[in-house]
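Residue numbers in the sequence shown follow my numbering, run continuously in steps of one, and reach 212 at the last position.
Glycine included, C-beta positions come from ideal geometry on N, C-alpha and C.
Keep in mind that this is a model prediction, so the values were computed, not measured.
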Amino acid sequence: MLIFIVSSIALLGALAYINYSVKSKLPITVESFERTPEGAVKLEKLHYSGQRDGRVTWELDAESAVYNKEDDLMRLEGVLVKFFSNGTTSHTIKSKSGGYNGESGLIEVSGDVRVETKGGLTLRTRRLIYITSSNEIKTDEDVEIKATGMIVSGTGFEMKIESGSFKMLKDVRTYLTDASL
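Encoded structure:
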């Protein structure tokens, strides 16, 4: 019984450290957690959010996560990131896996990455980075964007979430899929 109590306190301490280590006292919820033999903390059904000027600017959900205190890195599986602008969801990112570094504030996602905007654009790539401090997403990978009547492809992509402005960096091609355009 004493071992159970000590283990529970240690796990709660690890979760408190996760929250403290990102320096912004962001809310975190999990369905369940356990300590791994290597000393990391395994979390199930993670929900985490980031704030700027007192308002939520992004939310991170993952089916599972493993947090390693030594490198302040949370490895994620089954990732969904939501971005908020003017109080509503403006963009979502879905991917198979990813990572969140509390010290740098970077969320990196990979594996069938799909970004959807409120305006109906869909972006696909292999890997993408969200920079929480500047509220922008970037990749140096090949990108394909589908919109009504067209497909734009290229290599490299940068987007400012707040304004919605974006640019393809090189090898840009546009294909019209609607003859009326």
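What span of residues does the beta strand (DSSP E) with residue i cover, start to end?
i: residue 205; result: 197 to 207
i: residue 221; result: Absent from the model: residue 221. The displayed extent of the chain is 32 to 212, so no value can be given.
i: residue 171; result: 167 to 178
i: residue 193; result: First-last for residue 193: undefined, no H or E at that position.
i: residue 72; result: 72 to 83
i: residue 159; result: 153 to 162
i: residue 134; result: That residue, residue 134, is in no beta strand (DSSP E); it is neither H nor E in DSSP.
i: residue 65; result: 63 to 66
Nearest CA to the CA of residue i: which residue from the options?
i: residue 123; options: 134, 161, 97; result: 161
i: residue 170; options: 178, 181, 197; result: 197
i: residue 201; options: 65, 138, 187; result: 187
i: residue 134; options: 145, 144, 163, 154; result: 163
With a threshold of 16 other CB atoms inside 10 Å of the CB of residue i, please say whether the residue is buried or exposed.
i: residue 148; result: buried
i: residue 55; result: Low per-residue confidence applies at residue 55: pLDDT is 44, beneath 50, and the placement is therefore not dependable, though the value from the model is reported in the following sentence. Result: exposed.
i: residue 53; result: Low per-residue confidence applies at residue 53: pLDDT is 43, beneath 50, and the placement is therefore not dependable, though the value from the model is reported in the following sentence. Residue 53 is buried by the Cβ-count criterion.
i: residue 159; result: buried
i: residue 141; result: buried
i: residue 79; result: buried
i: residue 190; result: buried
i: residue 205; result: exposed
Exercise. Hey, is the region 123 to 143 in contact with the region 97 to 108, meaning 3+ C-beta pairs nearer than 8 Å?
Worked result: yes
For this session: Identify every run of the beta strand (DSSP E) within the region 89 to 120, keeping only runs that are complete inside it and at least 3 residues long; order them along the chain.
Result: 104 to 116
Exercise. Can at least three beta-carbon pairs, one atom from the region 67 to 79 and one from the region 91 to 105, be found at a separation below 8 Å?
Worked result: Counting Cβ pairs under 8 Å, three or more are found: they touch.
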